[in-house]
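Q: Protein chains in written order, with the numbering used here: chain Y, 8 to 708; chain H, -18 to 142.
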Amino acid sequence: MTRAHSRLLAVHFAAAVIFVSLSVQTDAAAAVDPLDARNARNARHVPAGDLPASEAADIAPDADADTLATLPLEKLMSVQVVTSASKFTQSVSDAPSAVVVLSAADIRDFGWRTLSDALASLPGLYVSYDRNYAYVGARGFLRPGDYDSRFLLLIDGVRTNDSVYGQAVIGTEALVDMDLVERIEYVPGPGSAVYGSNALFGVINVITKKGSAIDGAQTAVAVGSFGEKRARATYGWHGQNGADLVLSASSYVRNGQDLYFPDFDTPDQNHGIAHNLDYDRAQRLFAKAAYGDFSFSAAYVNRTKGVPTGSFGAVFNAPNSTNDSQGFINGTFSRQLTAGLAVSAQAYWGRADYRGLGTYPYDTGTAVASVDGDHALWYGADTHATITSLPRQKIVVGADFRRDAHRDQYNYIVEPYSSQLNDKRSSNQTGAYIEDEIRLPANFTLSAGLRYDWDSVTAGNLNPRLALIYKITARDTAKLIYGTAYRAPNAYELYYNVPGEGGQEANPKLKPEHISTREIVLEHLFESSGRVTLSLFQYAVRDLISQTVDPDNGLLVFQNIDRADVKGAELAVERDFFGGVRVRASYSWQLARDGQSAVLANSPRHLAKMNLLVPLFHHAARLGTEVQCTSSRSTGASTTGGFCIANLTLGSSRLISHAEVSLSVYNAFNKRYADPAGPAFVQQTIEQQSRTVYAKMVYGF
Amino acid sequence: MAVLPWWLLMPLWCVGQVQDVALKAAYIYNFALFTTWPASAAPAASFNVCATRGKPLWNSLQKLDGKIIDGRPWTTVDSAASPRPGKCDITVLPEGAPAPPSCGQASALLVSDGGLSGRSSAAITLVTEDEHVRFDIDTQEAAHCGLKFSSKLLRLARNVQ
């Protein structure tokens, strides 16, 4: 498919384990040709082959080939295997990074409703939420005021970071319904040597399901605490000629809750209670089609969120809200020209619109309604070739071009109309890259990548990546990785300029920020299944773009003022145990400091996580338990406390025929915890979600 | 803060890969039932299934030894130890292994473990998709080796080309 596929999908995880059979149909296949007739007769000699469906449903999870071979083919096709992300092929060990893969089964088993829920379970990643957007941090690095522009988010290989904020949308504003996700591949570390800007801390590649996996019509409904309701209708079709189609529409609404913020606890601010302002609504459309060498995909999301926090100096408890809509269309052509040469070309178009409605105090002392927004539109093309004809080498060479046709931002007072900002920009970016994976003698592999980018705002950038991989034994691998990455300042950081309280000033002289990283990864594959990975890393960021306050006028402004150094260690384990129990656990220690040796804001020193899946009642049900612990974090002026939260999901595909039902309890022990807020907030911290309950049913026709 | 529990690193209680590979082996057994090989002047006494010793499917294929396919007992043979062409009725390729350029005189049914990508140039490719195992059929590859699949096999395949 696309470049991302050719790179990241080299990361296959092998077929998997766990088994749990399903309600299987009896084998009533009519024998239509002599061979079928012969074997239909043969099958009658095999007692187990005539098992009634109820007995077949009890195929033991440890059934061996001998037992399974007695079942007819139709029954084998209905036997479920849970794709465990711990079942990797050797190619993951060969990847020049500590790649982690999450499967559709993980998404279901742990009740992840958003991409941010899934990412929060990964080693070293943590997520913050400000009651509007979700933000992901890595390696102790999550800059307040940044809209996830330091991660590259790909959906089926399509870059989705927009042309104004460079935002990777991962919360309820995300493009794709989680039910449609086949797997998520997270590649930590700098990715600019392949992908150019934005891939500073990592690349998140979301791969959606094929029509053959959905196979027919499917609906999903869910209800949860605080008026949460979700509904989805999906149709998947696959033809034996390889044609494949997915169509899906989904809707989400959540009333939310009245939230109390002590910083606003005055009689004229409703005693600090934001009333009816935590609502969240989203609609999504998704389409994907493939035939032969061609594939097409398109996605659209429209999300509206109430803003209860009074951020950016808005009047507290006023009807403030944001609306974000985003979409893309992508076409890809891929062909294996010869045994040693594959080519791929991709063309895409995307747009993103943000519109914030807010009430702000005005100079006269009265409150005025104000609209803040942007219009982002971009299109581009990428082409690359994969050459495997040279002995012991795999070379990928490619070039891409992107036109950011609209990087427009506006802000105006509604009544009387007064424009505060009407900034229209556009830019061009182009890049060329080459990667070579060379198998050296004595079990060494060298992976080398180099990419040159040029954009019309910040000129040229050259980024290399080098990984030396040494296979110590068949199951032990050591990787030595060096890489750099950059991020061009986005239009918001460069040009956003609104005077007055809560306003911001432009800084068109911003330069790109750069990161250089050194990492050692040791990986051991267990004999039976799973792996343990130890990673030691050091990241250095220079010309860091940081939001700060201009002392001359009190306005927020982005400047290349800082540098940061991060060092740390990460230990991660994935294992399958007896009876289908699966565990994924990790511990990360990191120390992220700025140029003055002060610990960065929103940077936890410790992260510990565990995801445990336990089959219940002879595999009739599953209990997914998730525990995530985060140590204290600086907010700049104060500190948030450390916390552990637990999420539980009980699911079954046996309770109702053709249906998957689940019940989730998030923050099961009702832990009170808060995330650092950032300079746009009066609050130092934003309190996070209390315990919620969520029930869901997916029904396939 | 919690540190990784010690038992995560212990080799005890671990489940092997049997379930996944067992299902694939059962598929391959069914492929044998629903495939017609060209008539051979001197067929081997056993139905030889060649696979790579030490690869994931090996143990599961061996569990089927002795089952009768068209009057001959299923016998799992190590490809590396017995590479002579013509001795394999089925050749099972592990994931990522390239298919041999031609079946020549061998007339072996090539079955490839395609993992998640499902990419291979074998006559039948096993693929794991959305928690189920599926298979793709390349009839041209099969015809090249003189093999014929039953209509049932063709009907149940995900892709037929």
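Positions of the beta carbon are idealized from the N, C-alpha and C atoms, including for glycine.
Select from the region 229 to 246 of chain Y all residues with a C-beta closer than 9 Å to any C-beta belonging to chain H, and list them in chain order.
A: Against chain H - using a Cβ distance shorter than 9 Å - the residues of the region 229 to 246 of chain Y are H245, G246.
Q: How far does the alpha helix (DSSP H) with R291(Y) in it reach, from first residue to last?
A: First-last for R291(Y): 287 to 298, but that is the beta strand (DSSP E), not the alpha helix (DSSP H).
Q: Where do the N-terminal and C-terminal ends of the alpha helix (DSSP H) with K518(Y) fall, by residue?
A: Looking at the DSSP string, K518(Y) is not in any alpha helix (DSSP H), and its letter there is neither H nor E.
Q: Which stretch, first to last residue, makes up the alpha helix (DSSP H) that contains M84(Y)?
A: 80 to 85
Q: From V378(Y) to T311(Y), what does the alpha carbon distance come to, in whole angstroms?
A: 14 Å
Q: State the DSSP-derived secondary structure class of Q142(H), mapped to helix, strand or coil.
A: DSSP places Q142(H) in coil when its eight states are reduced to three.
Q: Would you list the one or two residues that DSSP bridges to R7(Y)?
A: One cannot answer for residue 7(Y) here, as it falls past the ends of chain Y, which runs 8 to 708.
Q: How many Å lie between A281(Y) and E76(H) at the Cα?
A: 56 Å
Q: Mapping DSSP to helix, strand and coil, what is T390(Y)?
A: strand
Q: Is there at least one Cβ from chain Y nearer than 8 Å to E112(H)'s Cβ?
A: E112(H) counts as touching chain Y.
Q: Could you name the residues of the region 199 to 214 of chain Y whose beta carbon sits closer than 8 Å to any beta carbon of chain H, in the order they occur along the chain?
A: none
Q: Identify whether S102(H) lies in helix, strand or coil by the three-state DSSP scheme.
A: Judged by DSSP in its simplified three-state form, S102(H) adopts coil rather than helix or strand.
Q: Is there contact here, the region 373 to 387 of chain Y with the region 122 to 139 of chain Y, by at least three beta-carbon pairs under 8 Å?
A: no
Q: Within 8 Å (strictly less), CB to CB, does K44(H) reach chain Y?
A: Among the residues facing chain Y, K44(H) is included, as its CB has a counterpart in that chain under 8 Å away.
Q: Based on Cα-Cα distance, which residue from F323(Y), A599(Y), N283(Y), V668(Y) lies nearest to P274(Y)?
A: F323(Y)
Q: Quick one: which residues of the region 247 to 258 of chain Y get their C-beta closer than 8 Å to a C-beta of chain H? List them in chain order.
A: Q247, N248, G249
Q: Determine, for A171(H), whether the minimum Cβ-Cβ distance to residues of chain Y falls below 8 Å.
A: Absent from the model: residue 171(H). The displayed extent of chain H is -18 to 142, so no value can be given.
Q: Does any residue of chain H have a CB that is nearer than 8 Å to the CB of L187(Y)?
A: no
Q: Secondary structure at D57(Y), three-state DSSP: helix, strand or coil?
A: Here D57(Y) scores only 34 on pLDDT, less than 50, and its place in the model should not be relied on; the value that follows carries that caveat. Of the three classes helix, strand and coil, the one that applies to D57(Y) here is helix, per DSSP.
Q: Using beta-carbon positions only, say whether S332(Y) and N309(Y) come within less than 8 Å of one another.
A: yes
Q: Could you say if the region 206 to 219 of chain Y and the region 173 to 192 of chain Y meet the contact criterion of at least three C-beta pairs nearer than 8 Å?
A: yes
Q: Taking only the alpha-carbon atoms, compute the straight-line gap between S199(Y) and T167(Y) and give it to the nearest angstrom.
A: 15 Å
Q: Going along chain Y in order, which residues have a C-beta closer than 7 Å to the C-beta of V141(H)?
A: Q247
Q: Could you give the first and the last residue of the continuous alpha helix (DSSP H) run that contains Y202(Y)?
A: For Y202(Y), the uninterrupted alpha helix (DSSP H) segment begins and ends at 199 to 202.
Q: Which first and last residues belong to the beta strand (DSSP E) in which F124(H) is found?
A: Here residue 124(H) is Ala; the residue named in the question, Phe, does not match the sequence. Counting along the chain, A124(H) falls outside any beta strand (DSSP E), though it belongs to the alpha helix (DSSP H) covering 120 to 125.
Q: So if I threshold CB-CB distances at 9 Å, which residues from the region 71 to 89 of chain Y count as touching chain A?
A: Given the protein chain composition of this structure (Y and H), no chain A is represented.
Q: Out of L284(Y), A105(Y), T74(Y), Q343(Y), which one is the CA nearest neighbour of T329(Y)?
A: Nearest C-alpha to T329(Y): L284(Y).
Q: Take S88(H) as the anchor and find which of K44(H), Y8(H), A20(H) has the nearest alpha-carbon.
A: A20(H)
Q: Does chain Y have any CB closer than 8 Å to the CB of A123(H)?
A: no
Q: Looking only at DSSP bridge pairs, what is V429(Y) linked to?
A: It is Asn, not Val, that sits at residue 429(Y) in the sequence shown. Beta bridge pairing from DSSP links N429(Y) with Y417(Y).
Q: Between which two residues does the beta strand (DSSP E) carrying E442(Y) extend?
A: 434 to 446
Q: Just to confirm the assignment, what range does the alpha helix (DSSP H) spanning P43(H) have?
A: It is Gln, not Pro, that sits at residue 43(H) in the sequence shown. Here the alpha helix (DSSP H) through Q43(H) covers 39 to 43.
Q: Considering only C-alpha positions, which residue in the set T345(Y), N470(Y), D287(Y) is nearest to R261(Y)?
A: D287(Y)
Q: Output the boundary residues of the alpha helix (DSSP H) element that contains R150(Y).
A: For R150(Y), there is no enclosing alpha helix (DSSP H), as DSSP marks it with neither H nor E.
Q: Any Cβ of chain Y within less than 8 Å of the Cβ of A7(H)?
A: yes
Q: If you measure from the beta carbon of A92(Y) to each beta carbon in chain H, is any gap under 8 Å?
A: In this prediction, A92(Y) has a pLDDT of 41, which is less than 50 and means its spatial position is unreliable; nothing more can be read from the coordinates.
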